[in-house]
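K.L.:
I have a structure here, written as structure tokens, and I will follow up with some questions on it.
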Amino acid sequence: TSSSKTGWSATRDGNYLVISVTNFPKKANYYVKIKKGNLAVSAPWVKIGILRTKKNTDVTRYFKLPKNFTEPALFTVCIKNAKTDAVQCQTITK
4 TSSSKTGWSA TRDGNYLVIS VTNFPKKANY YVKIKKGNLA VSAPWVKIGI
54 LRTKKNTDVT RYFKLPKNFT EPALFTVCIK NAKTDAVQCQ TITK
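Be aware that the sequence shown starts at 4, since it is given in my numbering, and climbs by one per residue.
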């Protein structure tokens, strides 16, 4: 058996945030939050949706960005496992 690595990516597609997860647990929910700037910036977080893995462990979802997030060149996106509270973050640039 080969071990499959878990991973995720977030990219910007116009006014949408595209999140792809690979080898994530089945039947899990992840809260998707964004904020302007990087993690060190004290901007407020905005929850933009929930990414769900059902039977598939590889999922791609599109989330519409709030109007005030269509302009900034840099923002941070985090996904948080609703069950374990594990958080993973990435910085997105235009």
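Every residue, glycine too, gets a C-beta built ideally from N, C-alpha and C. For clarity, every value in this text was computed on a predicted model and none was experimentally measured.
When the Cβ atoms of the region 85-92 are set against those of the region 16-26, are three or more pairs found closer than 8 Å?
P.N.:
no
K.L.:
Between Leu20, Thr73, Lys50, which has its C-alpha nearest Lys36's C-alpha?
P.N.:
Lys50
K.L.:
Below 7 Å CB to CB, which residues in the same chain sit around Lys58 once its five sequence neighbours on both sides are set aside?
P.N.:
Lys29
K.L.:
Opposite Ile22 in the DSSP bridges: which residues?
P.N.:
DSSP lists Ala13, Arg64 as partners of Ile22.
K.L.:
Tell me, to the nearest whole angstrom, how far the beta carbon of Tyr19 is from that of Phe66; I am working on the premise that it is less than 8 Å.
P.N.:
Right, their Cβ atoms sit about 6 Å apart.
K.L.:
Rounding to the nearest angstrom, what Cα-Cα distance links Phe78 and Pro69 in this structure?
P.N.:
12 Å
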